[in-house]
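Each protein sequence line maps, in turn, to chains X and C. So the mapping is simple: this note's numbering equals the position in the first sequence, first residue as 1, plus 168. So the mapping is simple: this note's numbering equals the position in the second sequence, first residue as 1, plus 168.
Protein chains: 2
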Amino acid sequence: MISICIIGAGNVATHLYKAFTQSNQLQVKQWYNRDLSKISTYKNEVAITNTLDDLVEADVYLMAISDDAIKQVSSNLPFENRLVVHTSGSAGIHDLDKKLRRGVFYPLQTFSKGVDMDFKQVPICIETIDKQDIDILKTITEAIGSKWYRINTEQRQTLHLSAVFVNNFTNQLYRIAHEISDAKSIDFDILKPLIMETAKKVQTVSPYMAQTGPAVRHDKKTIKRHLKQLENSKHKDIYELLTASIKNTHGR
Amino acid sequence: MISICIIGAGNVATHLYKAFTQSNQLQVKQWYNRDLSKISTYKNEVAITNTLDDLVEADVYLMAISDDAIKQVSSNLPFENRLVVHTSGSAGIHDLDKKLRRGVFYPLQTFSKGVDMDFKQVPICIETIDKQDIDILKTITEAIGSKWYRINTEQRQTLHLSAVFVNNFTNQLYRIAHEISDAKSIDFDILKPLIMETAKKVQTVSPYMAQTGPAVRHDKKTIKRHLKQLENSKHKDIYELLTASIKNTHGR
Numbered sequence: 169m170i171s172i173c174i175i176g177a178g179n180v181a182t183h184l185y186k187a188f189t190q191s192n193q194l195q196v197k198q199w200y201n202r203d204l205s206k207i208s209t210y211k212n213e214v215a216i217t218n219t220l221d222d223l224v225e226a227d228v229y230l231m232a233i234s235d236d237a238i239k240q241v242s243s244n245l246p247f248e249n250r251l252v253v254h255t256s257g258s259a260g261i262h263d264l265d266k267k268l269r270r271g272v273f274y275p276l277q278t279f280s281k282g283v284d285m286d287f288k289q290v291p292i293c294i295e296t297i298d299k300q301d302i303d304i305l306k307t308i309t310e311a312i313g314s315k316w317y318r319i320n321t322e323q324r325q326t327l328h329l330s331a332v333f334v335n336n337f338t339n340q341l342y343r344i345a346h347e348i349s350d351a352k353s354i355d356f357d358i359l360k361p362l363i364m365e366t367a368k369k370v371q372t373v374s375p376y377m378a379q380t381g382p383a384v385r386h387d388k389k390t391i392k393r394h395l396k397q398l399e400n401s402k403h404k405d406i407y408e409l410l411t412a413s414i415k416n417t418h419g420r
Numbered sequence: 169m170i171s172i173c174i175i176g177a178g179n180v181a182t183h184l185y186k187a188f189t190q191s192n193q194l195q196v197k198q199w200y201n202r203d204l205s206k207i208s209t210y211k212n213e214v215a216i217t218n219t220l221d222d223l224v225e226a227d228v229y230l231m232a233i234s235d236d237a238i239k240q241v242s243s244n245l246p247f248e249n250r251l252v253v254h255t256s257g258s259a260g261i262h263d264l265d266k267k268l269r270r271g272v273f274y275p276l277q278t279f280s281k282g283v284d285m286d287f288k289q290v291p292i293c294i295e296t297i298d299k300q301d302i303d304i305l306k307t308i309t310e311a312i313g314s315k316w317y318r319i320n321t322e323q324r325q326t327l328h329l330s331a332v333f334v335n336n337f338t339n340q341l342y343r344i345a346h347e348i349s350d351a352k353s354i355d356f357d358i359l360k361p362l363i364m365e366t367a368k369k370v371q372t373v374s375p376y377m378a379q380t381g382p383a384v385r386h387d388k389k390t391i392k393r394h395l396k397q398l399e400n401s402k403h404k405d406i407y408e409l410l411t412a413s414i415k416n417t418h419g420r
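What follows is the structure, encoded as structure tokens:
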């Protein structure tokens, strides 16, 4: 049984708390948050505190807090030489105070408030300073059904950047399609199966091989007509830049 | 029982042929293609021909051919007043010769060669010149398990454009993420669950509501660091343009 104290009460902390408590290999010993009201709903299932000095002994302290707070909170921890991990995609492992055994436990996924996450669909990027600390992080990921990947800080920061492309930017393309189709009174539902299929395709085929459409076909006529159809000049810019990017990737 | 002749042998024609033959409400009477060798594998299950003049009588003629060929092939059909539909997202309904009863049967989906498509996941956009022809197209879509949407030519062309955003451009963002992560020896598999979840989220939540990340949070520090991380100036341009687009959408 691995005992864990959770520090923080945001989206990631809450999803991990729920996943941890569902595993019989893990025990959440305590939950810390500066503002107790955010975790008070859980006070009958777990010990809660808003005082770092009251933190009990545990195998792992998991800090799911904002990047900017990692340095200070870790240096304020009232102990040394215990394993403390943060969950950030962009903060370095060395942002944690060096009095501690340090590690990273970064779930690469988008979490929705109020919607339970199946952790089988959450890859966890793990990193530790001390080699012997890696196994406990592997055990935790396996206990919640996740796959682990050993990823160093530079790689993790690259993943964080890549995630902006496949998540935030992709979502913005969905948004633009929503705007364009709304303007012609078209139900956005019609596009949803295509959105799913596009994501599904690259689960088994590389994005390079999966590419279709006017840009890769070098279909000038369609590209010209699409640009004419676009009424918003910002949408036009995005169309042109991504069309050029596709052409560049596919050597035209 | 609705009888259908298929004209063309590309991806869409082949997927529709398979779906039609699986329904007991539909009968594919004949399959035409200029180049017989492309459909000769099917000659034991369906009558095939490479001669338009040999086309037999059927309730519907479905032309799944390139946009440029629609005008000419439809004018070369050796009959009048029969229902002929094309499957193009961008060609107008009037591209079909006016001697015919004209319609459109546009499946809004990306088809992979060799991978069977579940037509439940394929919305069909239908349009006819004559009101009384619409019901037969509805019946065909329902027979293959698809949902139909009545969509006029302008709307269909807008959907075709929107599809470029949610399919081709999205896929190019996946490709860029693949390039960026490959350069740091990161397994692209780590990003696949996030890709799926991003697509899944907008099935129930609007893209506007689903947005997260540094641009919508106005997190200048992270944006600056990401731009510094990007080594390829074209990737930088895309990062900047889509970040500005998100900020613009969310009123920053």
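No residue lacks a Cβ here, since even glycine has one placed at the ideal position from N, Cα and C.
For residue i, the three-state DSSP class (helix, strand or coil)
i      : result
L341/C : helix
S413/X : helix
E148/X : No answer is possible for residue 148/X: it lies beyond the span of chain X, which begins at 169 and ends at 420.
I358/X : helix
S171/X : strand
N179/X : helix
Residue i vs residue j beta-carbon contact at 7 Å
i      : j      : result
I304/C : L230/C : no
K266/X : E248/X : no
Q198/X : A181/X : no
Y317/C : P291/C : yes
I354/X : Q323/C : yes
I261/X : C293/X : no
N179/X : K281/X : yes
D263/X : K239/X : yes
A345/C : V384/X : no
A177/X : I207/X : yes
A311/C : S234/C : no
G381/X : N212/C : no
H183/X : M285/X : yes
D301/X : R250/X : no
Residue of the options minimising C-alpha distance to residue i
i      : options                           : result
A331/X : Q325/C, S349/C and Y317/C         : S349/C
T217/X : Y210/X, E225/X, L204/X and D227/X : L204/X
E295/C : L329/C, D357/C, F279/C and T255/C : T255/C
E225/X : Q371/X, I233/X, L398/X and I172/X : I172/X
D227/X : Q195/X, I238/X, Y200/X and P246/X : Q195/X
D387/X : V370/C, E347/C and D236/C         : D236/C
G271/X : V252/X, S243/X, G178/X and K352/X : V252/X
K368/C : T278/X, G419/X, R385/X and S243/X : T278/X
N201/X : L398/X, D221/X and Q371/X         : D221/X
Y210/X : N336/X, S191/X and Y185/X         : Y185/X
N416/X : E347/C, T366/C and I391/C         : E347/C
P246/C : A259/C, A232/C, L223/C and G257/C : L223/C
G257/X : A351/C, T390/C, E408/C and Q379/C : T390/C
L276/X : T309/X, A351/X and Q397/X         : T309/X
I170/X : K306/X, T321/X and A351/X         : K306/X
Any non-hydrogen atom of the ligand SAH within 6 Å of residue i CB
i      : result
L398/X : The ligand SAH is absent from the structure shown, which contains no ligands of any kind.
Exercise. For the region 331-349 of chain C and the region 363-379 of chain X, state whether three or more C-beta atom pairs, one from each stretch, are separated by less than 8 Å.
Key: yes
Quiz item: Mind pulling the beta strand (DSSP E) runs of 3 or more residues that sit fully within the region 194-282 of chain X?
Solution: 194-200, 215-217, 228-231, 251-254 and 269-275
Exercise. Mind the definition here: the region 400-411 of chain C touches the region 402-413 of chain X only if three or more C-beta pairs lie below 8 Å; say whether that holds.
Key: yes
Exercise. Report yes or no: do the region 315-331 of chain X and the region 356-365 of chain C share at least 3 C-beta pairs separated by less than 8 Å?
Key: yes
Quiz item: What are the uninterrupted segments assigned as beta strand (DSSP E) that are 3 or more residues long and contained completely in the region 344-407 of chain X, given in chain order?
Solution: none
Quiz item: Can you list, in chain order, the stretches of the beta strand (DSSP E) that have 3 or more residues and sit fully within the region 289-336 of chain X?
Solution: 292-296 and 316-318
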